[in-house]
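Here's the structure, in structure tokens; my notes come after.
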Amino acid sequence: MANYTAYFRSNYFAVKDVAQFQAFCAAFQLEMITDTENNQTLYGFLNEGNEGGIPVTRYNEATDDWEEVDLLGELAAHLMEDYVAIVMEVGFEKMRYLIGMAHAVNAAGERMEVDLDEIYERSAVLGRKGTSCSE
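Using my numbering, the letters of the sequence shown map in sequence onto residues 1332 to 1466.
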């Protein structure tokens, strides 16, 4: 039996408060990354040691229990207005199950996402459907 492994990273975006964004990254065990565009420092993140994909739970030391979390919702609170964070996730189990997701969120918390599996429906206009890549 193979293990499922997933990786994710973000694009670069402006944040309201660098120290608070660093704390957000630490809470989710993310590696903060930076880039410069037009003399402005932009921030993003890579998953660091978390090979299970975008976290949906986080350990709460006060309650000694795991709690459900919304990484994208929490990320939205750090974004400067007019910036959009894009988080791309890829995962696999051997070569049988391949997934790919892209999530977008803005400072208002509005979201959209794209799933690689959408290609099956969208490609139907091109001709007869073949099998799934995971079959």
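The C-beta atom is built at its ideal place from N, Cα and C for all residues, glycine as well.
When C-alpha distances from Ser1463 are compared across Met1426, Val1436 and Arg1442, the shortest belongs to Met1426.
In this structure, Ser1465 and Leu1429 form a Cβ contact; the two beta carbons are roughly 7 Å apart against a cut-off of 8 Å.
Leu1447 sits in coil when the DSSP states are folded into three classes, being neither helix nor strand.
Cβ neighbours of Ala1438 within its own chain (closer than 7 Å, five residues either side excluded): Ala1407, Leu1410, Met1411, Glu1412 and Tyr1414.
Going by C-alpha positions, Phe1376 is about 10 Å away from Ala1416. About 10 Å separates the beta carbon of Glu1399 from that of Asn1391, a gap too long to meet the 8 Å contact definition. Cβ-Cβ distances below 7 Å link Ser1341 to Gly1375, Phe1376, Ala1416, Ile1417 and Val1418 in the same chain, with the five nearest sequence neighbours on each side left out; the list follows chain order.
Gln1360 carries a coil assignment under DSSP once its states are collapsed to helix, strand and coil.
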